[in-house]
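Structure, as structure tokens:
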Amino acid sequence: MLDRKLKSAEAGMELLGELHRFAEQLGCPQELAALGTMPLPLEMVRGDGSLSFQGFLETYCAQVLVPHELPAIHKAYLHATRYEVRELIESDWKLSQEPKLRRFAGVSQCLGTSQLQRLRPLRDQRLVRRYWEAVENGEAHGWHTIVYGLVLALFSLPLRQGLLNYGQQVIRGFIDSGSCAFKLSPEESARLHAKLCAPLPQAIERLLCAQAVVFAR
Numbered sequence: 232m233l234d235r236k237l238k239s240a241e242a243g244m245e246l247l248g249e250l251h252r253f254a255e256q257l258g259c260p261q262e263l264a265a266l267g268t269m270p271l272p273l274e275m276v277r278g279d280g281s282l283s284f285q286g287f288l289e290t291y292c293a294q295v296l297v298p299h300e301l302p303a304i305h306k307a308y309l310h311a312t313r314y315e316v317r318e319l320i321e322s323d324w325k326l327s328q329e330p331k332l333r334r335f336a337g338v339s340q341c342l343g344t345s346q347l348q349r350l351r352p353l354r355d356q357r358l359v360r361r362y363w364e365a366v367e368n369g370e371a372h373g374w375h376t377i378v379y380g381l382v383l384a385l386f387s388l389p390l391r392q393g394l395l396n397y398g399q400q401v402i403r404g405f406i407d408s409g410s411c412a413f414k415l416s417p418e419e420s421a422r423l424h425a426k427l428c429a430p431l432p433q434a435i436e437r438l439l440c441a442q443a444v445v446f447a448r
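Following our numbering, the numbering of the sequence shown begins with 232 at its first residue and continues without gaps.
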């Protein structure tokens with residue numbers, strides 16, 4: 232019998248809380264170095280000050296967060312709700328083929344697999360068991376975005392809010408890690424966060440509408 236705590240929405244939110252903390256750590260040099268990942272994207276921001284930092288964040292949102300990470304979460308959620316194991320594994324594998332995600336691969340997969348460990352009491356569920364086996368066998372990588380979508384589905388958590396929370400948290404993580412180096416005041420950091428997060432609701436609505444059409448076919 233499944234552990235009642237793991238069946239609860241509170242348990243799901245606890246897992247998402249850790250994934251949110253990971254999102255905040257994406258911009259943290261110490262966390263990435265500790266996990267032996269590739270050089271932190273912030274190191275690509277040369278000495279042009281806060282404007283260069285803002286440009287990096289805008290590029291991240293436009294080229295990574297919106298076109299790749301949010302859709303990965305959404306697809307994983309939909310596959311999980313339909314118990315589409317093969318498609319879930321394929322979605323995971325495709326992420327490893329995306330060049331723009333490679334610098335995040337090490338830390339993403341480390342956190343994703345650690346969260347899968349937390350789901351072990353649910354391994355009598357075919358979906359969780361097969362995905363876990365695929366990661367163990369090298370058929371999947373355990374990307375944190377896939378696990379994030381899986382957790383949303385397993386615990387019946389709101390998809391739209393989950394996507395928005397992820398975007399807001401990962402942007403906050405980058406800003407917090409760069410605010411000292413680029414001498415941003417708390418007010419400037421807050422304004423930058425608000426500016427970068429402002430397009431997210433509309434981007435998420437477009438994503439939900441587009442994917443609804445694709446998955447309805």
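Positions of the beta carbon are idealized from the N, C-alpha and C atoms, including for glycine.
Neighbour-count burial assignment, residue i, 16 or more Cβ in a 10 Å radius
i    : result
L362 : It is worth fixing the name first, because residue 362 is Tyr in this sequence and not Leu. Buried.
G286 : exposed
Q340 : buried
C292 : buried
A307 : buried
Q348 : exposed
Q294 : exposed
A303 : buried
S322 : buried
Nearest-angstrom Cα separation, counted from residue j out to residue i
i    : j    : result
L309 : S410 : 36 Å
Q433 : N368 : 38 Å
R422 : A429 : 10 Å
K426 : V382 : 29 Å
L288 : R437 : 21 Å
V316 : H375 : 17 Å
I406 : T290 : 14 Å
I377 : A441 : 19 Å
S345 : L415 : 33 Å
V297 : E418 : 25 Å
Q356 : S420 : 43 Å
H305 : L431 : 14 Å
L439 : V338 : 27 Å
I402 : L350 : 27 Å
Y314 : P389 : 18 Å
8 Å Cβ shell around residue i - same chain, five flanking residues per side excluded
i    : result
K435 : In the sequence under discussion, the amino acid at residue 435 is Ile, which differs from the Lys named in the question. Result list for I435: L301, R391, L394, L395 and G398, in chain order.
E329 : H299
W324 : E370, A371 and H372
Proximal residues to residue i (C-beta, below 6 Å), its chain only, five neighbours per side dropped
i    : result
S387 : none
M269 : Since pLDDT at M269 reaches only 29, below the 50 mark, its modelled position is unreliable, and the value read off the structure follows with that caveat. Excluding sequence neighbours, M269 sits near R334.
S327 : H372
A336 : none
Neighbourhood of residue i by C-beta, 7 Å cutoff - its chain only, sequence neighbours within 5 removed
i    : result
D234 : Caution is warranted here: a pLDDT of 48 is assigned to D234, below 50, making its placement in the model unreliable, and the coordinate value is therefore given only provisionally. P352.
A311 : L319, L358, G380, L381, A384 and L385
A365 : I320 and A371
K331 : Q294, V295 and H299
H424 : I402, R403 and I406
Contact test: residue i Cβ vs the ligand HEM heavy atom, cutoff 6 Å
i    : result
L358 : Looking at this structure, you won't find the ligand HEM or any other ligand, since it has none at all.
Q: Entirely within the stretch 380-436 and at least 4 residues each: give me those alpha helix (DSSP H) ranges in chain order.
A: For the stretch 380-436, the continuous alpha helix (DSSP H) assignments of 4+ residues that do not extend past its boundaries occur at 390-410 and 417-428, in sequence order.
Q: Tell me the start and end of each unbroken alpha helix (DSSP H) in the stretch 294-330 that is at least 4 residues and wholly inside, in chain order.
A: DSSP runs (the alpha helix (DSSP H)) wholly in the stretch 294-330: 301-312 and 316-326.
Q.
Suppose only complete runs of 4+ residues qualify. What are the alpha helix (DSSP H) ranges in the stretch 340-367, listed by chain order?
A. If we require 4 residues or more, the alpha helix (DSSP H) runs fully inside the stretch 340-367 come out as 357-367.
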